[in-house]
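Asks: Structure below; questions to follow.
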Amino acid sequence: MTGLRDLWVLDPAVAFLNHGSFGACPQPVLDHQTELRERMERDPVRFFSRDYDELLGRAIEESASFIGADPAGYAFVPNATHGVNALLRGAPIEPGDEILVTDHGYEACTLAAEEIAAERGASVRTARLALPVTGPDEVVESILAAVTPATRVAVVDHVTSATALVLPIEDIIVGLAARGVATIVDGAHAPGMVPLDLASLGCAAYAGNWHKWVCSPKGSAFVWVAPQWRDRARPLVVSHGAGHPKEGQTPLRARFDWTGTADPTGYLTVPFAVETIGKMLPGGWPEIMERNRDLALTMRRRVESASGLQASGPESMVGSMAAFSIGPPAPDPFGRAKPLQARFADEHRVVVGVSAVRASQRLQIRVSAHLHTEAATIEPLLEALAEFGEIRTG
Ligand SMILES: Cc1ncc(COP(=O)(O)O)c(C=O)c1O
1 MTGLRDLWVL
11 DPAVAFLNHG
21 SFGACPQPVL
31 DHQTELRERM
41 ERDPVRFFSR
51 DYDELLGRAI
61 EESASFIGAD
71 PAGYAFVPNA
81 THGVNALLRG
91 APIEPGDEIL
101 VTDHGYEACT
111 LAAEEIAAER
121 GASVRTARLA
131 LPVTGPDEVV
141 ESILAAVTPA
151 TRVAVVDHVT
161 SATALVLPIE
171 DIIVGLAARG
181 VATIVDGAHA
191 PGMVPLDLAS
201 LGCAAYAGNW
211 HKWVCSPKGS
221 AFVWVAPQWR
231 DRARPLVVSH
241 GAGHPKEGQT
251 PLRARFDWTG
261 TADPTGYLTV
271 PFAVETIGKM
281 LPGGWPEIME
291 RNRDLALTMR
301 RRVESASGLQ
311 ASGPESMVGS
321 MAAFSIGPPA
331 PDPFGRAKPL
341 QARFADEHRV
351 VVGVSAVRAS
361 QRLQIRVSAH
371 LHTEAATIEP
381 LLEALAEFGE
391 IRTG
């Protein structure tokens, strides 16, 4: 692995174990984006009025193929939060309906579901998952047990955020579909962590980030919408394109491809990031995903044996991250997360994810493995946990 870490501009004085929150770009990806920015700024009118459609169309085709999606149902959006909001707004939710979420779901997306439900005279029901989770079957059962005759749409994470678990998304989608419930998958962490073939997944819609595990520039994400929802899917912003589809452009693409002036170089860099990261190990993306999973498992075992912290679920549900509950339940877990994260960084120069599970009121710490992470990166965390005994046990 030597040498790969040097491709990232990460501060060498810090043990960086939080790729999961905001990703991290290697230098060649940043350089590619800079070249595109320079081209844009040399002649902005040519770039946007003449070159943009072709550049975007190519970026859409190439990035959609990495996730097994047809380009006609694919659109770039700035981030997964934006994507889930747009997909929920386009979902067929009527007065009296229920939106199903889980208590391991990402807080912003749960809040979006609550807001949209309130606007439509609908409501949100929360499936309670165990913590720690005992296995994939238990997750499927808990979600399906929360379905009622009013459930119309479910928002389910492919990989949970605070608890860092790869959920059995295929089984969840099938079980929900059998009960007449359409699934919006929040796949913020999935591209680049787990193999994806959206065309065969069976969900109604999917939102995912490029800027996390594919290491593309910040602000690059996508939505993909299954054919049955394409007519209704809308971006959060209405712009020129919606009223003036170009020749050969599908209505969905006409609505999403131009939502006003913004820097599109993050989107245009996605295919380069897929290719560049994919070449960093001889076995390409399959080897990268396997290597990151192995390292996440190694780090997880070390944290468990050194600190006694309990992981959030079984090893079979680990992707490139591992999470542990820390401290006793207490009020305002989200408010308590940032000060603890700052303590790890300031006192031990280690950056970990610190978040919370709303229902349990417990904090979660999370470690991430990507190609810039090495087995030794975990050492400062183990030292910190040994010292922070009072936080561990409360
Ligand atoms: C499950 C899940 N959904 C949504 C998000 C939000 O991603 P973004 O900040 O890129 O919108 C995250 C971020 O970690 C996440 O884990």
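Using the working numbering, the first residue of the sequence shown is number 1, and each one after it goes up by one. Note that CB positions come from ideal geometry on N, CA and C, so glycine has one too.
Using a Cβ-Cβ cutoff of less than 7 Å, which residues in the same chain neighbour glutamate 304 once the five nearest sequence positions on both sides are dropped?
Replies: For the purposes of this step, residue 304 is identified with residue 304 of the sequence shown, where counting begins at 1. The beta carbon of glutamate 304 is closer than 7 Å to those of Ala311 in its chain, skipping five residues each way along the sequence.
Asks: To the nearest angstrom, report how far apart alanine 24 and serine 216 are at their CA atoms.
Replies: Residue mapping note: residue 24 aligns to position 24 of the sequence shown, counting from 1. Residue mapping note: residue 216 aligns to position 216 of the sequence shown, counting from 1. Their Cα atoms are separated by approximately 8 Å.
Asks: Got a sec? Which residues, its chain only, sit under 7 Å from alanine 369 by beta carbon, not counting five neighbours each side?
Replies: Locating residue 369 in the sequence shown gives position 369, where the first residue counts as 1. Taken in chain order, the residues that qualify are Asn292, Leu295, Ala296, Met299, Ser320.
Asks: Hey, would you say glycine 397 sits closer than 8 Å to alanine 113, going by beta carbons?
Replies: Nothing can be reported for residue 397, as the shown portion of the chain is limited to 1 through 394.
Asks: Could you tell me the alpha carbon to alpha carbon distance between alanine 306 and proline 286, rounded to whole angstroms?
Replies: In the sequence shown, the residue the question calls residue 306 occupies position 306. In the sequence shown, the residue the question calls residue 286 occupies position 286. Using only the alpha carbons, I get a separation of about 30 Å.
Asks: What is the DSSP secondary structure of methionine 321, reduced to helix, strand or coil?
Replies: Numbered from 1 along the sequence shown, position 321 holds the residue referred to as residue 321. Reduced to three states, the DSSP call for methionine 321 is strand.
Asks: Mind checking who tyrosine 74 pairs with in its DSSP beta bridge?
Replies: Locating residue 74 in the sequence shown gives position 74, counting from the first residue. In the DSSP output, where bridge partners are listed per residue, tyrosine 74 has Trp224.
Asks: Assuming isoleucine 184 contacts alanine 205 (C-beta within less than 8 Å), just tell me the rounded distance between them.
Replies: Counted from its first residue, the sequence shown places residue 184 at position 184. Counted from its first residue, the sequence shown places residue 205 at position 205. Confirmed, about 5 Å.
Asks: For asparagine 18, collect the residues of the same chain with a Cβ closer than 7 Å to its Cβ; drop the 5 residues on either side in sequence, then sort them by chain order.
Replies: As a working note, residue 18 is residue 18 in the sequence shown. When the five nearest sequence neighbours on each side are left out, the beta carbons in the same chain lying within less than 7 Å of the beta carbon of asparagine 18 are those of Val351, Val352, Gly353, Ser368, in order along the chain.
Asks: Taking arginine 255 and alanine 13 to be in contact with their CB atoms under 8 Å, please state how far apart those CB atoms are, rounded to whole angstroms.
Replies: By 1-based counting over the sequence shown, the position of residue 255 is 255. By 1-based counting over the sequence shown, the position of residue 13 is 13. Not confirmed; about 46 Å, so no contact.
Asks: Among Val77, Ala359, Ser325, Phe388, which has the Cα closest to the Cα of alanine 164?
Replies: Looking up residue 164 in the sequence shown gives position 164. The residue with the shortest Cα to Cα distance from alanine 164 is Ser325.
Asks: Touching or not, the segment 57-65 and the segment 268-281, by the rule of three or more beta carbon pairs under 8 Å?
Replies: A contact exists between the segment 57-65 and the segment 268-281.
Asks: Go through its chain and collect everything with a Cβ distance to glutamate 383's Cβ below 7 Å, but skip five positions before and after it.
Replies: Position 383 of the sequence shown, counted from the start, is the residue given in the question as residue 383. Cβ within range, chain order: His348.
Asks: What separation, rounded to the nearest whole angstrom, lies between the Cα atoms of aspartate 11 and proline 380?
Replies: One-based indexing of the sequence shown puts residue 11 at position 11. One-based indexing of the sequence shown puts residue 380 at position 380. Cα to Cα, aspartate 11 sits roughly 15 Å from proline 380.
Asks: Report the three-state DSSP secondary structure of glutamine 27 (helix, strand or coil).
Replies: Sequence index remark: in the sequence shown, residue 27 carries index 27 (1-based). Three-state DSSP puts glutamine 27 in a helix.
Asks: Give me the residue from Ser220, Pro149, Leu88 with the minimum Cα distance to serine 63.
Replies: Here residue 63 is taken as the residue at index 63 of the sequence shown, counted from 1. Residue Ser220 is the option with its Cα nearest to serine 63.
Asks: How about leucine 100 and alanine 146: are their beta carbons less than 8 Å apart?
Replies: On the sequence shown, position 100 is the one that residue 100 refers to. On the sequence shown, position 146 is the one that residue 146 refers to. Yes.
Asks: May I ask you to report which of helix, strand or coil DSSP gives alanine 64?
Replies: By one-based count along the sequence shown, residue 64 stands at place 64. Here alanine 64 sits in helix by DSSP.
Asks: For proline 331, count neighbouring Cβ atoms within 10 angstroms of its own Cβ and tell me buried if that reaches 16, exposed if not.
Replies: Counted from its first residue, the sequence shown places residue 331 at position 331. With fewer than 16 Cβ atoms within 10 Å of its Cβ, proline 331 is classed as exposed.
Asks: Near ligand 1, which residues have their beta-carbon closer than 5 Å to a heavy atom?
Replies: Asn79, Ala80, Thr81, Tyr106, Asp157, Ser161, Asp186, Ala188, Asn209
Asks: If distances are taken between C-alpha atoms only, which option among Met40, Gly335, His158, His211 comes closest to leucine 201?
Replies: Within the sequence shown, residue 201 is the residue found at index 201, counting from 1. Closest in C-alpha terms to leucine 201, from the list Met40, Gly335, His158, His211, comes His158.
Asks: Less than 8 Å between the beta carbons of arginine 230 and arginine 89, yes or no?
Replies: Position 230 of the sequence shown, counting from 1, holds the residue named residue 230. Position 89 of the sequence shown, counting from 1, holds the residue named residue 89. Contact flag unset, no.
Asks: In the DSSP assignment, find the unbroken beta strand (DSSP E) run with glutamate 287 in it and report its ends.
Replies: In the sequence shown, the residue the question calls residue 287 occupies position 287. It is not in any beta strand (DSSP E) - glutamate 287 instead sits in the alpha helix (DSSP H) that spans 284-307.
Asks: Using the C-alpha atoms, what's the distance from arginine 366 back to glycine 308?
Replies: The residue given as residue 308 occupies position 308 in the sequence shown. The residue given as residue 366 occupies position 366 in the sequence shown. Approximately 15 Å between the Cα atoms of the pair.
Asks: Where DSSP assigns a beta bridge to tryptophan 8, which residues make up the other side?
Replies: In the sequence shown, residue 8 corresponds to position 8, counting from 1. Answer is Pro26, bridged to tryptophan 8.
Asks: At the level of alpha carbons, what is the spacing between histidine 372 and alanine 15?
Replies: Residue 372 sits at position 372 when you count from the first residue of the sequence shown. Residue 15 sits at position 15 when you count from the first residue of the sequence shown. Alanine 15 has its alpha-carbon roughly 10 Å from the corresponding atom of histidine 372.
Asks: Let me know the alpha helix (DSSP H) ranges lying completely inside the segment 206-261, each 4 residues or longer, listed in chain order.
Replies: 240-243, 251-256
Asks: Assign serine 161 to buried or exposed, taking buried as 16 or more other Cβ atoms, counted over all protein chains shown, within 10 Å of its Cβ.
Replies: Position 161 of the sequence shown, counted from the first residue, corresponds to residue 161. Buried, by the Cβ-count rule.
Asks: Please tell me whether aspartate 103 and arginine 128 are closer than 8 Å, where the distance is taken between their beta carbons.
Replies: Here the question's residue 103 lines up with position 103 in the sequence shown. Here the question's residue 128 lines up with position 128 in the sequence shown. Yes; because the gap between Cβ atoms is below 8 Å, this pair is in contact.
Asks: Quick one: grab the DSSP three-state call for threonine 183.
Replies: Numbered from its first residue, the sequence shown carries residue 183 at position 183. Strand, per DSSP.
Asks: Specify the secondary structure class of arginine 366 as computed by DSSP and reduced to three states.
Replies: Translated into the one-based positions of the sequence shown, residue 366 becomes position 366. Note: arginine 366 maps to strand in three-state DSSP.
Asks: What residue ranges within the segment 99-151 form continuous beta strand (DSSP E) runs of no fewer than 3 residues, ordered along the chain?
Replies: As far as the segment 99-151 is concerned, its whole beta strand (DSSP E) runs of at least 3 residues are 123-127.
Asks: Residues in its own chain within less than 7 Å of valine 237 by CB, not counting five upstream and five downstream?
Replies: Locating residue 237 in the sequence shown gives position 237, counting from the first residue. Excluding residues within five positions, the ones whose Cβ falls inside 7 Å are Thr259, Gly260.
Asks: Which first and last residues belong to the beta strand (DSSP E) in which valine 354 is found?
Replies: Within the sequence shown, numbered from 1, the residue matching residue 354 stands at position 354. Element bounds for valine 354: 353-357.
Asks: Here's the rule I'm using: 16 or more other beta-carbon atoms within 10 Å means buried, otherwise exposed. How should arginine 179 be labelled?
Replies: Counting from one through the sequence shown, the residue named residue 179 turns up at place 179. Answer is exposed; the Cβ neighbour count stays below 16.
Asks: Which whole-angstrom value is the C-beta distance of glycine 398 and lysine 212, which I expect to be below 8 Å?
Replies: Only positions 1 to 394 of the chain appear in this structure, which leaves residue 398 out of reach.
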